[in-house]
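S.K.:
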Amino acid sequence: MTDRADVWSGAVLLAVALAYGTAAFRLPPGGGEPGPGFLPSVFAVLLAALSIGILVGGLRRSAPSARGSSEAEATLPTESTVEPAAQRSARSWMAFLATVAYAVLFAPLGFVLSTAAFSTVVTALFTRERRWLLAVPALVTIALFVFFRVALQVRLPMGPFG
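Just so we're aligned, residue 494 is where the sequence shown starts under the numbering used here, counting upward by one.
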């Protein structure tokens with residue numbers, strides 16, 4: 494994305510987060526347990542934080558004092574660094590198919606295996622750095638397991654382990 498696109502998308506996502514959060518915080522909080530407004534409120538806060546990150550990153554990169562003319566020329570995309578539209582589209586479709594496969598295999602394989610496999614496929618699709626290929630799926634699987642199983646006490650499918 495360009496710096497300007499980051500600024501605009503961050504601003505739009507922040508507006509969506511604020512509108513969503515306003516509606517979420519109007520839901521009943523629950524008495525002693527998380528009520529129906531808990532998870533939407535958490536999502537609104539996370540979306541707001543991420544959109545602020547995108548917005549600030551775009552503003553920092555587009556600040557005139559942050560870069561000189563030589564640096565701006567060095568960061569212009571070249572023919573070899575721009576990914577063809579067909580390749581981007583193929584990756585998006587592969588991510589969509591991986592999401593469908595995740596939904597279908599969630600119960601038979603269980604939470605841990607299906608989430609680790611899905612995270613691995615999506616990470617491989619959207620990063621070129623191989624060091625993330627093991628770290629991201631492991632961290633995502635562990636974080637989601639702790640969030641759902643421990644924090645929210647949701648029973649997750651065990652697959653072949655159960």
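We put the beta carbon where it would ideally sit given N, CA and C, even for glycine.
Decide if G525 is buried, meaning its Cβ has at least 16 other Cβ atoms within 10 Å, or exposed.
M.R.: With fewer than 16 other Cβ atoms within 10 Å, it is exposed.
S.K.: Return the chain-ordered list of same chain residues with a C-beta closer than 6 angstroms to the C-beta of R648, the five sequence neighbours on each side being excluded.
M.R.: None.
S.K.: Thinking just about the alpha-carbon of each residue, which of L540, A617, V639 is nearest to the one in P630?
M.R.: Checked all of L540, A617, V639; the closest Cα to P630 is A617.
S.K.: DSSP state of M651, grouped into three classes?
M.R.: Three-state DSSP puts M651 in coil, outside helix and strand.
S.K.: For P521, which option in G652, A512, S534 has the closest C-alpha, if you only look at C-alpha atoms?
M.R.: Residue S534 is the option with its Cα nearest to P521.
S.K.: Can you check which of these residues, L626, P529, G652, is closest to L645 by C-alpha distance?
M.R.: Looking at the Cα atoms, P529 is the closest of the given residues.
S.K.: Please report how far the alpha carbon of P527 lies from the alpha carbon of L543, in whole angstroms.
M.R.: Whole-angstrom Cα-Cα distance: 23 angstroms.
S.K.: Thinking T613 and L626 are a contact (beta carbons under 8 angstroms), I'd like their distance in whole angstroms, please.
M.R.: Correct: roughly 7 angstroms between the Cβ atoms.
S.K.: For the alpha helix (DSSP H) that Q646 lies in, which residues bound it at each end?
M.R.: Segment: none, Q646 is in no alpha helix (DSSP H) and carries neither H nor E.
S.K.: With distances taken Cα to Cα, identify the nearest neighbour of F536 among A517, F611, P577, A596.
M.R.: Of A517, F611, P577, A596, the residue nearest in Cα terms is A517.
S.K.: DSSP state of L520, grouped into three classes?
M.R.: DSSP places L520 in coil when its eight states are reduced to three.
S.K.: Specify, as a first and last residue, the run of the alpha helix (DSSP H) that A556 falls within.
M.R.: Taken as a continuous stretch (DSSP letters only), A556 belongs to no alpha helix (DSSP H), as it is neither H nor E.
S.K.: With DSSP collapsed to three states, give me the class of P533.
M.R.: Helix, per DSSP.
S.K.: For V500, which residues in the same chain have their Cβ closer than 7 angstroms to its Cβ, ignoring the five residues on either side in sequence?
M.R.: The residues are L548, G551, L552, S555.
S.K.: Give the C-beta separation of F611 and F638 to the nearest angstrom, bearing in mind that I take them to be a contact with Cβ-Cβ under 8 angstroms.
M.R.: Not a contact, Cβ separation roughly 13 angstroms.
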